[in-house]
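Peer 1: All the letters of the sequence shown, read from the start, carry residue numbers -18 to -1, 1 to 111 under mature numbering (1 follows the signal peptide of the UniProt record, and there is no 0).
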Amino acid sequence: LAVIFVLLNFSIDAKLQGVSVTGTLSCNKYRQRNQKVELMERDVGLVDPDDLLAEVHSDHEGEFKLTGATFEIGKIEPYIRVTHNCAAKPGCTRVTEFDIPKEYINGTTYVMDYVVLDIVQKRDKETCK
């Protein structure tokens, strides 16, 4: 009975929050087509992994648009995760993450313009086969 109460209480406090983002992927001044772009929501701890809100591949012009929403108790922490091979070693892929400012939650679309992938960032992860 206590477990049911906790679950009901959680569902009452959780609010639907969403975000939309657009951009154009770029590497060495060239648009990057067919790259995986994921709209994610960061969660804390090992018990609650980050949530995938939406996923697309950039189009023939390197452009992408994502919209997603999730129920969360506090403010969501959205970001995009791009899987690509720009500035990666041969046979490797890089994953680069870009945070979405909180003012775009439940608001206007976050327009990233050109998302430059050739600048290696601190949080980048590279995977080689």
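Just so it is clear, CB atoms sit at the ideal spot from N, CA and C, and this is done for glycine as well.
Look up Lys47 in the DSSP assignment and say whether it is helix, strand or coil.
Peer 2: Of the three classes helix, strand and coil, the one that applies to Lys47 here is strand, per DSSP.
Peer 1: Taking the Cβ atom as the reference point for each residue, do Lys71 and Glu37 lie within a distance shorter than 8 Å?
Peer 2: Cβ distance not < 8 Å, so Lys71 and Glu37 don't count as in contact.
Peer 1: Using a Cβ-Cβ cutoff of less than 6 Å, which residues in the same chain neighbour Asp33 once the five nearest sequence positions on both sides are dropped?
Peer 2: Cβ within range, chain order: Glu23, Thr52.
Peer 1: Taking its Cβ as the centre, do 16 or more other Cβ atoms sit within 10 Å of Arg15, making it buried, or is it exposed?
Peer 2: When all chains shown are included, Arg15 counts as exposed.
Peer 1: Compare the beta carbon distance of Thr90 and Val77 with 8 Å and say whether it is the shorter of the two.
Peer 2: Taking 8 Å as the Cβ cut-off, Thr90 and Val77 do not qualify as a contacting pair.
Peer 1: Quick one, are the C-beta atoms of Leu35 and Val3 less than 8 Å apart?
Peer 2: No. Outside cutoff.
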